[in-house]
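Remarks on the structure that follows.
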Amino acid sequence: MTSTASSTDTRQGQAPQEQRPSWQQRLRRFGYTAGPRSDVRDRLTPPYAEPSPRLWAALGFSPGLVDRLTRWSGWGGPLLVTLMAGVMRFYHLGSPKAVIFDETYYAKDAWALVHRGFEVNWDKNANDLILKTGGHVTIPTDAAYVVHPPVGKYVIGIGELIFGFNPFGWRFMTALLGTLTVLMLCRIGRRLFRSTFLGCVAGVLMSLDGLAFVMARTSLLDGVLMFFVVAAFGCLLIDRDRAREKLAAALPADAYGRVRPDAHTGDTLSFGRRPWRWTAGLLLGLAIGTKWNGLYITAAFFVMMLMWDVGSRKVAGARNAYVAVLKHDLGLGFLATIPVALAVYLTSWIGWILSPANGTGGYFRNWAATDGKGGTWSHVLPDWLRSLWHYEHEVYEFNVGLHSPHTYMSNPWSWLVDGRPVSYFYESPSPGADGCPVNAGDKCAREVLAIGTPLLWWAACFAILYVLWRWAFRRDWRAGAIACGVAAGYLPWFLYQDRTIFFFYSIVFLPFLCLAVAMLIGAIIGPPGSSDTRRVTGAVGAGVLVLLITWNFIYFWPLYTGTSIPIDQWRSRMWLDTWV
2 MTSTASSTDT RQGQAPQEQR PSWQQRLRRF GYTAGPRSDV RDRLTPPYAE
52 PSPRLWAALG FSPGLVDRLT RWSGWGGPLL VTLMAGVMRF YHLGSPKAVI
102 FDETYYAKDA WALVHRGFEV NWDKNANDLI LKTGGHVTIP TDAAYVVHPP
152 VGKYVIGIGE LIFGFNPFGW RFMTALLGTL TVLMLCRIGR RLFRSTFLGC
202 VAGVLMSLDG LAFVMARTSL LDGVLMFFVV AAFGCLLIDR DRAREKLAAA
252 LPADAYGRVR PDAHTGDTLS FGRRPWRWTA GLLLGLAIGT KWNGLYITAA
302 FFVMMLMWDV GSRKVAGARN AYVAVLKHDL GLGFLATIPV ALAVYLTSWI
352 GWILSPANGT GGYFRNWAAT DGKGGTWSHV LPDWLRSLWH YEHEVYEFNV
402 GLHSPHTYMS NPWSWLVDGR PVSYFYESPS PGADGCPVNA GDKCAREVLA
452 IGTPLLWWAA CFAILYVLWR WAFRRDWRAG AIACGVAAGY LPWFLYQDRT
502 IFFFYSIVFL PFLCLAVAML IGAIIGPPGS SDTRRVTGAV GAGVLVLLIT
552 WNFIYFWPLY TGTSIPIDQW RSRMWLDTWV
């Protein structure tokens, strides 16, 4: 009770030392100065790292220029990295001028969705006709059975509406979202590590990854899913910082201005509306509406944000942080994420819901009025909801029972080492044709291979071990957040090892792998208090690693872009037998 009263009096302007002077205060009249002690405010809201003054002095920069560079680097650095990523992703985006891999489904489904509100069955020769006529084709009316929700296809359809029903049009939005993901990752890394440099390193790694590059240039759903997941993670990270800022502002300060823990504040403070959580819930709903594995990520992020609240309240001095979170955070946190996500998911089906229920609308739209007529829930639930529930049940049965062999299917155990990439497109042009050099001698190979930059992924294997060590033995929340992102996108696939699954599904947790490697690079460079020798040695080692990854990306560039190269050069890039 005494500490609670003191805390209240302090915030009202009445210093606790005026009531009961401490021995330090009594000694101040004799010139006593308290030694440095940790301020809880710095633990709740750590400051951002700034470059060493010696570095700026060595470069000959004036203090005024240094101040401007520091202020602008928080956005200037990420924007420069994003510009680089964007130029690469939009370079010859319409090449290959073909319907590659699963674009045969999603490009056409997107076009039908934005015009009819539901997917349709296309003729077998539709791809050739679309490419030949520049997309000027008649959209069929017969509804198609599809197994993925509509959000990702609506996103792809936006690009088609703007730029036409052609390769550039159906790849535009995935390229745009892939570029924006790099920007978000730079800013997320900056906020996570309190370092603009490490944030930009994470963004550079993402921009130089082959899988991220290929997925951004292909109209598949997984790149859209990745964007919504990263955006939701960033919103939760901002929410965490905002909540801790409120805690720091509410805590009492002592006579020296140091902020101290306070049990009453930690146990009872309400964080208010927390709009960033509601935004995260909306984004997670869009993720689920793109592909169902967003459900696992939503569940993992919900637990993660509650554990962040527990940690924040512990630092603030809460006697029982778990009880405080249960009282003040769980209810609103649940409402802001789970119901919002489900509402957004339902809303994403609006085109299908509004389509006719007389057999001319979406697939299964008329189920409640035909095969499902007179069911148990017929007098309680509207027909559209019962039909949608039946559709979802059928899709679930299909997804868990998909065991059809595929040439490029892979087991999730092999994903982290680039064990079995997926070939999206392959041609063997003759010398002098389709970019194949006249002097090539033999035929060339022209391929779009969805493979991660090998050296980056192999480095990520060590980075994951480092992150797990930091989380388990150092209780580093940043490592725990990265591990949560990787686990949420990766581990659920081990439940379906007999199912037909592919390496490119790993794109959803690739950004967290880049954050893990950036965190490892930060450890290699060393903490700010390290000696000059340690820092220089670490910087050289980290620089060599990034340069090797850069070289590796450039080396595999022809396989990412479908550039014709002599067959011998193609074979030299097949480092593992499983890549062929």
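Be aware that the sequence shown starts at 2, since it is given in my numbering, and climbs by one per residue. Think of the CB as a built atom: it goes at the ideal place given N, C-alpha and C, for glycine as much as any other residue. A quick note: this is a predicted structure, and the numbers were derived from the prediction, not measured.
1) What are the boundary residues of the alpha helix (DSSP H) that residue 515 is part of?
2) Could you tell me the alpha carbon to alpha carbon distance between residue 477 and residue 484, rounded to whole angstroms?
3) List the DSSP bridge partners of residue 550.
4) At 4 residues or longer, and completely inside the stretch 53 to 106: list those alpha helix (DSSP H) runs for me, N to C.
5) Residue 512: buried (16+ other C-beta within 10 angstroms of its C-beta) or exposed?
6) On the CB-based measure, 16 or more other CB atoms within 10 Å of its CB, does residue 83 come out buried or exposed?
7) What residue does the beta strand (DSSP E) around residue 448 start on, and which one ends it?
8) Can you tell me whether residue 51 is helix, strand or coil according to DSSP?
9) So which of 157, 290 and 503 has the shortest CA-CA distance to residue 404?
10) Does DSSP put residue 405 in a helix, in a strand, or in coil?
11) How many angstroms separate the CA atom of residue 516 from the CA atom of residue 457?
12) Going by C-alpha to C-alpha distance, which of 46, 42 and 558 sits closest to residue 255?
13) Output the distance between the C-alpha atoms of residue 121 and residue 562, rounded to the nearest integer angstrom.
14) Between the C-alpha atoms of residue 24 and residue 250, what's the straight-line distance to the nearest angstrom?
15) Assuming residue 190 contacts residue 203 (C-beta within less than 8 angstroms), just tell me the rounded distance between them.
16) Thinking residue 174 and residue 160 are a contact (beta carbons under 8 angstroms), I'd like their distance in whole angstroms, please.
17) Quick one: grab the DSSP three-state call for residue 220.
18) Within 10 angstroms of its Cβ, does residue 348 collect 16 or more other Cβ (buried), or is it exposed?
19) Is it true that the CB of residue 557 sits closer than 8 angstroms to the CB of residue 211?
20) For residue 422, which three-state DSSP category applies?
21) Please classify residue 263 as buried or exposed, where buried requires at least 16 other C-beta atoms within 10 Å of its C-beta.
22) How close, in whole Å, do the beta carbons of residue 277 and residue 239 come, if the pair is a contact with beta carbons under 8 angstroms?
23) Taking three-plus beta-carbon pairs below 8 angstroms as touching, is the stretch 525 to 544 in contact with the stretch 443 to 454?
Looking at the coordinates:
1) 511 to 526
2) 11 angstroms
3) DSSP, once it has assigned bridges, lists no residue as partnering residue 550.
4) Entirely contained in the stretch 53 to 106, the alpha helix (DSSP H) runs reaching 4 residues are, in chain order, 54 to 60 and 64 to 91.
5) buried
6) buried
7) 445 to 451
8) coil
9) 503
10) Taken through DSSP and simplified to helix, strand or coil, residue 405 comes out as coil.
11) 12 angstroms
12) 42
13) Between residue 121 and residue 562, the C-alpha separation is close to 30 angstroms.
14) Note on residue 24: pLDDT 49, under 50, position unreliable in the model; no value is reported.
15) 4 angstroms
16) With 8 angstroms as the limit, residue 174 and residue 160 qualify as a contact, their Cβ atoms being about 4 angstroms apart.
17) Coil, per DSSP.
18) With fewer than 16 other Cβ atoms inside 10 Å of its own Cβ, residue 348 counts as exposed.
19) yes
20) coil
21) By the neighbour-count rule (16 or more Cβ atoms within 10 Å), residue 263 is buried.
22) Indeed they touch by this definition, with Cβ atoms about 5 angstroms apart.
23) no
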